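Colleague:
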Amino acid sequence: MKFVHSIKFRFTIWYLLVLVVLLGSLSAIVYFYLSRSLYQNLDSSLELRSTQLQSISTIVDSIRQGEFQEELGEIVVLCFYSGGELTIVSPMDISITLDNEFIAQAIGGESSFITVSTTEGEGVRLYAVPFLPGGPGGRPNIEPSAVIVGRSTKEIEQALDGLVRTLTIAVPLTIVVAAGGGLFLARQALKPVDQISQTARDISERDLSQRIEVNTRDELGRLASTLNQMMERLQRAFRRQQQFTGDASHELRTPLAVIQAESSLALQKERAVSDYQQSLETINQEAEHMSLIIDRLLTLARADAGTEQLASEEVNLGELIRDLSMEAEILCREKGLGFQLGVTHDLAVKGDKAMLRQLFINLLDNAIRYTPSGGTVSISSGTEGQMAVVVITDTGIGIPPEDIPFIFERFYRVDKARSRAGGGIGLGLAICQHIAEAHGGKIGVESQVGKGSTFTVWLPLYKQT
Amino acid sequence: MRILVVDDDRRLCSIIRRGLQEEAYAVDAAYDGEEGEYLAEINPYDLIILDIMMPKKDGIQVCRALRSKKVDSLVLMLTAKDAVEDRVRGLDAGADDYLVKPFAFNELLARIRALLRREGVFKSPELQVGDLVLDTLTRQVRRGQETIDLTTKEYTILEHFMRHPNMVITRTMLEEHVWDYDFDSMSNLVDVYILRLRRKIDLEGKDSLIHTVRGAGYRLKAP
Chain V
1 MKFVHSIKFR FTIWYLLVLV VLLGSLSAIV YFYLSRSLYQ NLDSSLELRS TQLQSISTIV
61 DSIRQGEFQE ELGEIVVLCF YSGGELTIVS PMDISITLDN EFIAQAIGGE SSFITVSTTE
121 GEGVRLYAVP FLPGGPGGRP NIEPSAVIVG RSTKEIEQAL DGLVRTLTIA VPLTIVVAAG
181 GGLFLARQAL KPVDQISQTA RDISERDLSQ RIEVNTRDEL GRLASTLNQM MERLQRAFRR
241 QQQFTGDASH ELRTPLAVIQ AESSLALQKE RAVSDYQQSL ETINQEAEHM SLIIDRLLTL
301 ARADAGTEQL ASEEVNLGEL IRDLSMEAEI LCREKGLGFQ LGVTHDLAVK GDKAMLRQLF
361 INLLDNAIRY TPSGGTVSIS SGTEGQMAVV VITDTGIGIP PEDIPFIFER FYRVDKARSR
421 AGGGIGLGLA ICQHIAEAHG GKIGVESQVG KGSTFTVWLP LYKQT
Chain F
1 MRILVVDDDR RLCSIIRRGL QEEAYAVDAA YDGEEGEYLA EINPYDLIIL DIMMPKKDGI
61 QVCRALRSKK VDSLVLMLTA KDAVEDRVRG LDAGADDYLV KPFAFNELLA RIRALLRREG
121 VFKSPELQVG DLVLDTLTRQ VRRGQETIDL TTKEYTILEH FMRHPNMVIT RTMLEEHVWD
181 YDFDSMSNLV DVYILRLRRK IDLEGKDSLI HTVRGAGYRL KAP
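Residue numbers (my numbering), protein chains in the order written: chain V, 1 to 465; chain F, 1 to 223.
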């Protein structure tokens with residue numbers, strides 16, 4: 001069954017079908033033309049012979065003696081009406097029946113051909129012409145008569161039979177050989193397909209590193225390299241997913257480890273109330289940290305699933321930034337940082353106010369976290385074409401150039417120790433990028449190690465219609 | 001028994017330290033790989049609890065470095081990385097055991113006990129020299145039928161003696177294995193503790209177990 005459903009099989013069947021039709025018609029055409037030309041030749045030789053016979057004066061005797069038959073294997077018959085009776089002069093052992101109408105026609109002056117069978121079943125081609133005496137030494141006062149020349153078609157039939165025999169052997173043989181060849185070619189051409197499907201079957205989700213061997217640059221080679229490219233993308237996505245899952249579980253395990261260690265240690269034996277209070281405080285802090293991580297993971301998961309509900313309201317960006325800067329100023333003062341609120345125009349953008357707020361809080365939070373005391377954090381807004389632009393600059397530790405392409409990735413941290421000690425999770429910037437993109441905007445960063453970083457957010461301006 | 005805890009999570013570090021001190025271990029802490037490696041090189045820790053994901057140098061690197069420097073302290077990897085490959089990598093780097101975070105404190109303690117047992121003469125949680133029995137699980141000490149009450153420090157010292165019966169233990173060895181990094185070795189505290197321990201163990205009518213080896217230290221020996 002598997003073979004019947006293969007392309008190889010169908011390919012071969014179609015190929016054979018076409019071949020059968022072609023060979024069949026070719027044989028028919030050859031047979032038809034050969035037989036036609038053979039019969040034409042026979043007819044013209046009969047015509048020629050009939051004109052020769054006109055000049056033979058002793059024709060009646062010759063007929064009677066069977067001379068023609070002996071010498072040439074031909075039948076010559078002379079017919080005429082004598083006293084109202086049809087007289088047929090023929091060799092004695094003529095074994096054909098002559099049609100009267102055919103004879104009458106010839107006597108009447110019209111020559112024609114006919115094919116008849118002898119009593120032995122042999123085909124004979126007959127030609128009847130008016131017999132016009134008048135050759136040298138012609139015979140006078142003769143009745144209107146006709147001469148019939150006939151020759152056996154045996155040779156033609158033999159030739160045609162031979163042709164048919166040859167064809168009935170050669171055509172099927174050709175088809176069988178062609179079937180074998182076609183199958184071989186199809187198999188040869190489709191062999192890479194089997195290899196591709198074999199390799200594809202071997203690729204499991206545990207090992208996506210296998211690739212199909214690409215040997216040719218034909219259609220199948222291109223198919224294989226397309227599949228390889230797809231596999232590459234799958235592998236990359238899979239790896240990213242694994243990395244994300246690993247990172248997420250690590251991030252969640254760290255506070256969980258503290259909670260479990262603290263609680264199981266506290267339960268080891270009876271303790272003073274103040275010890276329990278301290279343990280619970282530690283547990284509480286870690287639980288808060290965990291719920292922050294889970295919140296952010298959920299935000300990203302909803303974003304990935306596309307089930308996020310984005311409000312679509314008009315947001316005054318200038319107002320939002322002035323609002324946030326008050327909080328930021330307090331945080332900066334606590335850490336001994338200067339805070340600068342630059343020019344802020346009232347810019348209308350359309351979107352989710354709470355999410356935009358989250359975006360700028362995350363950026364300000366990062367700026368404050370990574371700037372040592374004595375530094376400055378500033379925020380300003382403006383326009384750039386059809387975009388509203390918000391710029392947040394700090395004079396902090398900066399980001400090494402090799403890390404810049406990755407900082408918007410989930411759980412990516414430039415210095416794992418520092419950011420964890422500072423309370424970071426590694427999801428803030430990923431969320432910022434998601435929010436900016438969800439609003440049709442984008443986010444970018446410029447940074448110099450030791451000098452500080454500048455984060456820029458572009459959001460499309462909202463024009464009321 | 002002296003233990004080093006290396007973990008960049010200070011909070012977890014302090015919990016482990018507190019819990020281990022309660023169990024009469026002398027504990028030092030380090031917050032990154034480099035510091036941990038340095039401490040492990042200069043102090044003969046009985047056991048090192050090592051996190052993997054740490055700044056400066058990760059736990060795997062630290063463990064390899066220590067093993068190549070012939071530091072043969074027991075190493076227990078304590079990490080959030082739980083994939084089989086991670087465990088294999090950790091153990092192959094020279095760790096003796098692997099515990100995944102989050103963990104229950106009593107499991108950590110049990111694993112520590114098991115690891116320490118592996119090194120010593122005794123394979124059961126009970127150590128015995130003569131008729132002196134020390135139960136590392138309940139931390140009870142008996143001589144014959146009589147239970148002996150010991151302070152944490154006294155217990156730790158006795159445990160060290162009992163893990164190395166018949167061996168000469170120098171003052172320095174005791175200092176290194178029983179006290180943590182903050183101990184001031186100029187004092188004669190060791191001698192004071194040995195004196196107290198002797199009074200409690202060598203009961204009247206019984207043979208003396210702790211012997212002074214002149215010019216070297218002490219030796220715990222069955223009569």
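Every residue gets a Cβ at the ideal spot worked out from N, C-alpha and C, and that includes glycine. Source: prediction; values computed, not measured.
Y98(F) bridges to which residues according to DSSP?
Modeller: M77(F)
Colleague: Could you check what DSSP says for F411(V) in three-state terms: helix, strand or coil?
Modeller: coil
Colleague: Taking C-beta to C-beta, are E37(F) and A80(F) nearer than 7 Å?
Modeller: no
Colleague: Exposed or buried, F80(V), counting other C-beta atoms within 10 Å across all chains shown (16 or more means buried)?
Modeller: buried
Colleague: Residues of chain F with a CB under 8 Å from the CB of Q235(V): which are they?
Modeller: Near Q235(V) there are no residues of chain F at all, since even the closest Cβ is about 17 Å away, more than 8 Å.
Colleague: Flag G33(F) as yes if its beta-carbon sits less than 7 Å from any beta-carbon of chain B, otherwise no.
Modeller: Of the protein chains in this structure, namely V and F, none is chain B.
Colleague: Taking Cβ-Cβ distances shorter than 7 Å, what residues in chain V pair up with D135(F)?
Modeller: Under a criterion of Cβ atoms nearer than 7 Å, no residue of chain V is adjacent to D135(F); the nearest Cβ is some 16 Å distant.
Colleague: Apply the 10 Å Cβ neighbour rule to Q433(V) and answer buried if 16 or more other Cβ atoms are within range, or exposed otherwise.
Modeller: buried
Colleague: Considering only DSSP beta bridges, list what A348(V) is partnered with.
Modeller: N316(V)
Colleague: Classify T151(F) as helix, strand or coil using the three-state DSSP reduction.
Modeller: Residue state, collapsed to three classes: coil.
Colleague: Taking the alpha-carbon positions, what's the S55(V) to V116(V) distance?
Modeller: If you take the alpha carbons of S55(V) and V116(V), they lie about 27 Å apart.
Colleague: Compute the Euclidean distance between the alpha carbons of V141(F) and G217(F), then round it to the nearest angstrom.
Modeller: Going from the Cα of V141(F) to the Cα of G217(F) covers about 23 Å.
Colleague: If we cut at 7 Å on Cβ distances, does V258(V) have a partner in chain F?
Modeller: Interface flag for V258(V) against chain F is set, since a Cβ pair is found closer than 7 Å.
Colleague: For a contact meaning CB atoms closer than 8 Å, what does D9(F) contact in chain V?
Modeller: Listed by position along chain V, the residues whose Cβ is nearer than 8 Å to that of D9(F) are T254, A257, V258, R420.
Colleague: Counting C-beta neighbours from all protein chains within 10 Å, is the total for Q260(V) 16 or more, i.e. buried, or is it exposed?
Modeller: buried
Colleague: My guess is that R67(F) and V178(F) are in contact by the Cβ rule of under 8 Å, so how many angstroms apart are they, rounded?
Modeller: With 8 Å as the limit, R67(F) and V178(F) do not qualify as a contact, their Cβ atoms being about 25 Å apart.
Colleague: If we ignore side chains and look at the alpha-carbon of each, how far apart do L174(F) and D180(F) end up?
Modeller: Straight-line Cα distance between these residues: approximately 11 Å.
Colleague: Please list the terminal residues of the continuous alpha helix (DSSP H) segment that includes A257(V).
Modeller: Counted as a single uninterrupted DSSP element, the alpha helix (DSSP H) harbouring A257(V) occupies residues 219-266.
Colleague: Taking the CB atoms as reference points, tell me whether D131(F) and G144(F) lie closer together than 7 Å.
Modeller: yes
Colleague: Quick one: grab the DSSP three-state call for S117(V).
Modeller: strand
Colleague: Give the straight-line distance between the Cα atoms of K269(V) and L20(F), rounded to the nearest whole angstrom.
Modeller: Each residue's Cα considered, the two are about 13 Å apart.
Colleague: Please report the distance separating the alpha-carbon of L42(V) from that of Q158(V).
Modeller: Cα-Cα distance, rounded: 14 Å.
Colleague: Return yes when at least one heavy atom of the ligand FAD lies under 6 Å from the C-beta of T152(F), else no.
Modeller: Annotation note on the ligand FAD: not contained in the displayed structure, which lists no ligands.
Colleague: Between which two residues does the alpha helix (DSSP H) holding P172(V) run?
Modeller: 154-202
Colleague: Given that a residue counts as buried once 16 or more other Cβ atoms are within 10 Å of its Cβ, and exposed if not, what is K101(F)?
Modeller: buried
Colleague: For G162(V), which option in E308(V), V30(V), G374(V), G306(V) has the closest C-alpha, if you only look at C-alpha atoms?
Modeller: V30(V)
Colleague: If distances are taken between C-alpha atoms only, which option among V457(V), L300(V), E213(V) comes closest to M231(V)?
Modeller: Closest option to M231(V), Cα to Cα, is E213(V).
Colleague: Among the residues of its own chain, which have a CB less than 8 Å from the CB of E446(V), if the five just before and after it don't count?
Modeller: S453, T454, T456
Colleague: Which residues bound the alpha helix (DSSP H) around L297(V)?
Modeller: 273-305
Colleague: Check whether chain V comes within 7 Å of K69(F), counting only Cβ atoms and requiring the distance to be less than that.
Modeller: Output row for K69(F): interface = no.
Colleague: Does A328(V) come within less than 7 Å of chain F when only Cβ atoms are used?
Modeller: no
Colleague: DSSP on V27(F), reduced to helix/strand/coil?
Modeller: strand
Colleague: Strictly by DSSP, which residues pair up with L427(V)?
Modeller: BP columns for L427(V) are empty, so no partner.
Colleague: How big is the Cα-Cα spacing for I7(V) and L183(V)?
Modeller: 10 Å
Colleague: Would you check if the stretch 373-393 of chain V and the stretch 334-349 of chain V touch, i.e. whether three or more CB-CB distances between them fall below 8 Å?
Modeller: yes
Colleague: Quick check on I49(F) - is its C-beta less than 7 Å from some C-beta in chain V?
Modeller: no
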